[in-house]
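Have a look at the structure below before the remarks.
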Amino acid sequence: MCRSFFNGLLEIAGYFWINSESSNRTVKSLKLLSPWRFSANQQIIYAGILICSAFPWISGCVTLTDQTTADTTVKTILIEPATGAQAAPATDFNLLGRISIQSPNQSSSGSFRWQHLASSDEILLFTPLGQAVAEITKDQEGVRLITSKLEAFYANDVESLTEEILGWRLPLEGLQYWIQGMHSPVTAAEKDLDNKDQVVAIRQDGWKIYYSNYTPAQLNHPLLPRVLYLTYENLKIKLVIDNWKVE
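For what it's worth, my numbering labels the leading residue of the sequence shown as 1, then goes sequentially.
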């Protein structure tokens with residue numbers, strides 16, 4: 001009965017690939033996150049994410065608060081952009097989590113799934129009840145965003161496209177590093193460390209990233225962020241990572 005309940009929640013979060021022709025290009029609708037695409041443990045974790053997103057008053061759900069690192073910062077490091085071979089790509093990963101967004105124009109929350117590979121990114125966004133909001137894909141051909149109405153939009157970068165269509169900017173170029181507790185090697189950055197040399201904040205490309213919680217050690221990654229806050233001008237984003245898988 002419990003498994004059926006979890007499967008039912010996952011089905012609510014699902015949506016199918018449907019091919020349709022638009023402007024001589026094939027547009028695919030959002031993909032189904034169904035039980036048979038996850039292991040038993042992932043089903044339980046994902047169902048928990050949906051439950052928590054649907055009922056914000058349950059302990060552990062996403063809420064946005066201002067963060068400060070003044071009490072934990074021991075030293076600040078100034079980092080110059082890397083050149084050539086030093087600018088290594090971000091490690092591949094697959095994660096499930098929750099997201100909360102606050103700006104002058106909107107306040108919203110939900111869950112997300114992000115698969116990052118060296119050559120592509122795929123991000124699926126859901127409402128608190130598990131309904132599809134958008135699918136964002138980035139590859140060598142550019143960026144595509146498909147809404148819940150199956151409308152497809154294209155651009156050269158994720159940040160400008162999400163700001164135009166969703167009303168808030170998603171800094172994918174930097175976030176693929178920040179979400180792993182690292183700075184992007186492409187541009188200059190400032191990094192705050194605590195007395196254990198653990199990153200507590202990064203400032204880069206106009207964004208401020210604060211880390212308030214880390215997961216236990218995993219393979220070659222001694223620590224991975226679990227809770228992080230991003231701010232850019234009047235935009236605030238909170239990310240809670242519920243399930244990490246680093247390649």
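Beta carbons: idealized from backbone N, C-alpha and C, even for Gly. Here the structure is a predicted model, which means the values were calculated and not measured.
Around the C-beta of residue i, are 16 or more other C-beta atoms found within 10 angstroms, so that it is buried, or is it exposed?
{"i": "G110", "result": "buried"}
{"i": "D121", "result": "buried"}
{"i": "I77", "result": "exposed"}
{"i": "E141", "result": "exposed"}
{"i": "I237", "result": "buried"}
{"i": "A90", "result": "buried"}
{"i": "E167", "result": "In the sequence as displayed, the identity of residue 167 is Gly instead of Glu. Exposed, by the Cβ-count rule."}
{"i": "A88", "result": "exposed"}
{"i": "K138", "result": "buried"}
Please list the terminal residues of the continuous beta strand (DSSP E) segment that includes residue i.
{"i": "V74", "result": "Note, V74: premise wrong, no beta strand (DSSP E); not H, not E."}
{"i": "G97", "result": "F93 to S103"}
{"i": "G110", "result": "Q106 to H116"}
{"i": "A201", "result": "V199 to Q204"}
{"i": "T215", "result": "W207 to T215"}
{"i": "N195", "result": "Per DSSP, N195 belongs to no beta strand (DSSP E) and is neither H nor E."}
{"i": "P225", "result": "L224 to Y232"}
{"i": "E247", "result": "Careful: E247 lies outside any beta strand (DSSP E) and carries neither H nor E."}
For a quick check, are the C-beta atoms of residue i and residue j less than 8 Å apart?
{"i": "N243", "j": "V227", "result": "no"}
{"i": "F93", "j": "K245", "result": "yes"}
{"i": "T187", "j": "Q204", "result": "yes"}
{"i": "A118", "j": "P185", "result": "no"}
{"i": "L239", "j": "I99", "result": "yes"}
{"i": "E159", "j": "L172", "result": "yes"}
{"i": "R144", "j": "A134", "result": "no"}
{"i": "M225", "j": "I202", "result": "Before going on, a small fix: residue 225 reads as Pro here, not Met. Cβ atoms of P225 and I202: not closer than 8 Å."}
Using only the heavy atoms of the ligand GTP, determine whether one of them is closer than 7 Å to the beta carbon of residue i.
{"i": "L96", "result": "Ligands in the displayed structure: none, and consequently the ligand GTP is not present."}
* Asked: Between the segment 229-240 and the segment 200-209, are three or more C-beta pairs nearer than 8 Å?
  -> Three or more beta-carbon pairs separated by less than 8 Å link the segment 229-240 to the segment 200-209, which places the two stretches in contact.
* Can you list, in chain order, the stretches of the alpha helix (DSSP H) that have 4 or more residues and sit fully within the segment 131-189? -> For the segment 131-189, whole alpha helix (DSSP H) runs of length 4 or above, ordered along the chain, are 158-165 and 172-178.
* Asked: Taking three-plus beta-carbon pairs below 8 Å as touching, is the segment 185-205 in contact with the segment 143-159?
  -> Contact between the segment 185-205 and the segment 143-159 is absent: fewer than 3 CB-CB pairs across the two stretches fall below 8 Å.
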